[in-house]
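Only one structure is covered here, and it is reproduced in the block below.
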Amino acid sequence: MDLVLCHTTADFDSLGAAVGLCVLRPGSRIVLTGGCHPTVRDFLALHRDEYPLIERRSVNPQQIRSITIVDASGRDRLGKAAEWLDLPHLNEIAVFDHHLQADLDIPATVTQIEAVGATTTLIVEKLREKLKNSAENGDTVSRLLPSEATVMALGIHVDTGSLTFDGATARDAMALAWLMEQGASLRVISEYVEPGLSPQLQDLLREALENLRSQTLHGYTVAWVLLSTEAYVPGLSALASRLLDLTETDALLLGNVYKFSENDNRNIAQSPVSNRLAIIGRSRIEGTNLSELFKPFGGGGHARAASLATRDVDALLTLNQLADELKAQIPHPPTARELMSSPVRSIRPEISVGEAHRILLRYGHSGLSVVDTGDLLAGIISRRDIDIALHHGFSHAPVKGYMTPQLKTIAPDTLLPEIEALMVTYDIGRLPVLENGQLVGIVTRTDVLRELHQQKARDSGSNAELSNYPVSESVEQLLRSGISSELWQLLSIAANIAQQRGWQLYIVGGAVRDLLLALNDTKGGQDAHPTTLNSCGTGILPVTLTDIDLVVDGNCGTDDSGAGVELASALQKLYPNSRLDVHGQFQTAALLWHKDSAFGSLWLDIATARTEFYPYPAANPEVEASSIRQDLYRRDFTINALAVRLGVPRSGELLDFFGGLLDLESRQIRVLHANSFIEDPTRIYRAVRFAVRLGFSIESQTEGYIRHALESGIYYRIQGENGRTPALETRLKSELKYILQAPYWQVALQMLGDLQALRCIHPTLDLDRPLWRRLRLLDRCLNGRKKSEGSRKKEEGSRKKEEGRGKKEEGRRKKEQTIPNAQFLMPDAQFPIPNSQFPMPNSQFPIINIPDWLMRLEVLIAYLAPEYRVKVATNLQLPADSIKRLEVLEAGNQELAKDLLKCNLPSQLVFMLRNYELPLLIAIALQSPRSARRQIWQYITRLANVEPPLNGNDLKALGYKPGPGFKVMLDDLLAAALDGDLGDRASAISFLAQRYPQS
């Protein structure tokens, strides 16, 4: 016998899931382990015969093969049937539930507990899959019976509030739609989803309204009432819901104390009687959890709807205690100080409408505060007010004639519910925040809506759209476990200092992004790395952060340097090993540690929250103090516009104003606004760099913005008008350096080529096949240098080791040698260029320190027409030697092409090419035809390493007098060796004796 067990006081979700399992597993029987909900009881009174129900007392435990429990995870919810779970001969115990917070104490061999609105949904999904597979296999597909579809639909309707409860998901909606297709009866559903109150419940409703106690706390009203009856009253949950709606309270505890017979309630007069207390809880308050509240009394359910039943307790004392604990759960709603934007952009009443309009456009605001000469609030003017004035031709009129002077204002400690009520009641889009008569901030309707949305996400504990990312409170734990304890302590100290000064401190940008990506990897996101437990055992991959950005949101009254500088200075006093760099113009400072025992090499950038404005495209931005939201809005991409609040209240709160979490989940790069690339073209390069580095894609609309910015020709038009485009100078060079020195430079450069983004360097520059071939040839050259250098170092290490062992013996041999027969050690044929990062180490080349990335950049610029090269290199502010190389490249190329034709012997090639510096020689080779390039490569890789068989010491040992003639003699020896005229030392000595006889 295969049994499906419903929990005690079975509801429609439990019954619907059980019926669905019986369809999945024909022959299974359903056991109601301890009664059922009144509406379920009424439903079964008419429809019992349509379902495979069996009474508990009719079950022979020895015949049970498997047990499946639905809508419950604890033994205590199965009544006496829980004893069957201990039977030794059971083949399987399965649990299907949707209460994630419930404790599982059932020895299940199969479990499926998922965050859906109803357990029935899980079973419906299995049914759909089974029927789909049957159809694909050509099997006969049968539909559900209407009675089966109806009870399952009732289960989803009732447990999700017809898809209106917080826990309802899209999966529930799809399951419900499928059941409707299967023939669920709307008439039956409507009858049992909203049953009316019985006469007894109507009397209790009147009594509850008369005796209801309530208290308002933090803007929320909590109510509780205790009803006394002679016996258990079914349907109290419906009464609680009706009472909650009538009183418009935010949370309700409905208690019912009644007498209960210990002998199945058959004869109360002759049976032991105990007092029982049942409590139904309902809550609409974000952050409260009734299931956790009732758990100590054996109750449970959902966060917003739960119940308990207990015995032999002081009913009134217990209810009051639970009411106090529920009030303690209510989160302190945020205040205006936490929501407001500060400082506020304000204007004087005498400013013209036209100037106010210009300020709105510059900062992207929808309204401006108007303050008098004493900085007292005089009114507010909205964009709509300004548009109307401009429409009527009053651009030169003062704004005081169009502003709204009679204002609703709030204080910094005004709570969110009161702010929300003011906005709704008076249809106000923004509320000024006044402290001691001074305007200190402003709260907009957007601020309120965003906070309400984030509260909902925090309360649900997860987000269906963000399966791999935290929603707020878990971020602090992520920070703690993802970074070192010393760094966490540093951030905590910084947060405390900021809080003491009335500021809010945030960690922003790349550090937040990388921490969240590490969490995604741990949870098995795309391209996830293997999970490694850190010291806290959380399973979060530890992240090494060497560059952290902090933003301080707050006013600094001491000087104009800003709160960021003041905070950095205070921290430097506590950490004297750090170096403090201050950039007062931008209200930023940085603390730097180098090879520190605790922090390693750490760069901690601390800035005052700022907004920025670009006077013209590709200009340097003008920066002003602003709010954290404006600071995040000025950033390049949504994944870099994330912030985490540090310090109380709401420590660890994640700020995501622009959908950055969704883009992390989707693994895409998305810009914040359409004009972003017009204002700063270096963001094009950053988009590519982040996309390639993180394995992301560039979102389609963002790619469209990139192509529009490039095709518009705006950058060079502006350069012609203003003479300078700072974004295309050192800032562009920095981005090119980041890309060209990265291991993924080839992929990134190809993506830039596909976007035609190299035109930011010059409008004629495109990554075509010849240019790509030059870059690949250079890369082959650079890689050859690395292999050769590695081999040389290995051989040199072995040689030195061997020389160390035979040092004494070698010295003895040198003393015994005579000049005619001496076997001089041959000089090492491979001398490195100590500071060069170029291909083949060679003693003939001068020492030149030029990194690989710069050589790649020179190749890009060298592909331009000769008349553009120096101008572009100068604009990018390349080093002087790079500019000089590009300047002489064309002439050098032409000259060398002629000279190479005259080289018939290897010695002629060497003596001609050794006059060129190596980087210039490589640049010429990349532009030369194959025959010339082959000669240059032959020289660089082989001939340049050939040395004379004898050196100066040998010449002296042979009796030649040192002087200028040594160079001539050695060059003759080198030429003869290169041209194959010399074989060994003896032939070299003979060669010298013939050419340079001694008297």
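Numbering-wise (the numbering used here), the sequence shown opens with residue 21 and increments by one.
Note that the Cβ used here is the ideal one computed from N, Cα and C, for glycine as well.
Identified DSSP bridge partners for residue i
i, result
"residue 133", "117"
"residue 26", "52, 90"
"residue 986", "Paired residue(s): none; residue 986 is not in a bridge."
"residue 751", "Bridge partners of residue 751: none, in fact."
"residue 757", "Answer is none; residue 757 lacks a bridge partner."
"residue 418", "372"
"residue 112", "86"
"residue 320", "327"
Nearest neighbour of residue i, chosen from the options [CA to CA]
i, options, result
"residue 455", "423, 1012, 765, 360", "360"
"residue 259", "698, 269, 218", "218"
"residue 119", "112, 140, 101, 251", "140"
"residue 326", "362, 376, 275", "275"
"residue 280", "267, 586, 269, 294", "294"
"residue 783", "686, 685, 889, 952", "889"
"residue 515", "462, 586, 196, 235", "586"
"residue 301", "607, 261, 265", "261"
"residue 32", "54, 26, 167, 175", "175"
"residue 752", "685, 898, 427", "898"
"residue 711", "746, 37, 1011, 660", "660"
"residue 53", "65, 94, 46", "94"
"residue 457", "759, 396, 523, 132", "396"
"residue 80", "69, 51, 58", "51"
"residue 322", "358, 737, 372, 138", "138"
"residue 625", "505, 921, 919, 531", "531"
Rounded Cβ spacing between residue i and residue j (contact assumed at less than 8 Å)
i, j, result
"residue 188", "residue 180", "4 Å"
"residue 969", "residue 1002", "6 Å"
"residue 628", "residue 582", "4 Å"
"residue 468", "residue 510", "The pair is not a contact, with the Cβ atoms about 34 Å apart (cut-off 8 Å)."
"residue 110", "residue 84", "7 Å"
"residue 998", "residue 930", "6 Å"
"residue 702", "residue 755", "5 Å"
"residue 169", "residue 204", "4 Å"
"residue 609", "residue 584", "6 Å"
"residue 237", "residue 339", "Actually they are not in contact, since the Cβ atoms of residue 237 and residue 339 sit about 17 Å apart, beyond 8 Å."
Endpoints, beta strand (DSSP E) assigned at residue i
i, result
"residue 328", "325-331"
"residue 1", "Because the chain here runs from 21 to 1019, residue 1 falls outside it and cannot be looked at."
"residue 464", "458-464"
"residue 566", "Residue 566 -> no beta strand (DSSP E), and no H or E assigned at all."
"residue 904", "Per DSSP, residue 904 belongs to no beta strand (DSSP E); it is in the alpha helix (DSSP H), 900-920."
"residue 615", "608-616"
"residue 603", "599-603"
"residue 642", "642-645"
"residue 402", "397-402"
"residue 126", "Note, residue 126: premise wrong, no beta strand (DSSP E); not H, not E."
Where the alpha helix (DSSP H) through residue i begins and ends
i, result
"residue 447", "Where residue 447 is concerned, there is no enclosing alpha helix (DSSP H), given that its DSSP letter is neither H nor E."
"residue 888", "886-895"
"residue 244", "Looking at the DSSP string, residue 244 is not in any alpha helix (DSSP H); the run it does join, the beta strand (DSSP E), is 240-248."
"residue 879", "872-882"
"residue 143", "139-156"
"residue 261", "256-267"
"residue 106", "From DSSP, residue 106 is part of no alpha helix (DSSP H); its letter is neither H nor E."
"residue 253", "Careful: residue 253 lies outside any alpha helix (DSSP H) and carries neither H nor E."
"residue 584", "583-594"
Check whether the segment 901-912 touches the segment 967-979, taking contact to mean three or more Cβ pairs, one atom from each stretch, closer than 8 Å.
-> no
So does the segment 356-370 actually touch the segment 328-344, counting three or more Cβ pairs closer than 8 Å?
-> no
How do the segment 688-708 and the segment 722-742 stand: do at least 3 beta-carbon pairs fall below 8 Å, yes or no?
-> yes
At least 3 beta-carbon pairs within less than 8 Å: the segment 238-250 vs the segment 200-216 | No: the two stretches stay apart, fewer than three of their Cβ pairs being nearer than 8 Å.
Counting pairs of Cβ atoms below 8 Å between the segment 641-658 and the segment 670-677, do you hit three or more?
-> yes
Three or more C-beta pairs closer than 8 Å, one from the segment 654-666 and one from the segment 766-784: is that the case here?
-> No, the segment 654-666 does not touch the segment 766-784.
Tell me, please, whether the segment 330-349 touches the segment 431-451 by the rule of three or more beta-carbon pairs shorter than 8 Å.
-> no
Does the segment 376-395 touch the segment 588-596, meaning 3 or more C-beta pairs lie closer than 8 Å?
-> no
Three CB pairs or more closer than 8 Å across the segment 98-113 and the segment 142-151 | no
May I ask you to verify whether the segment 128-135 touches the segment 24-43, counting CB pairs closer than 8 Å and requiring at least 3?
-> no
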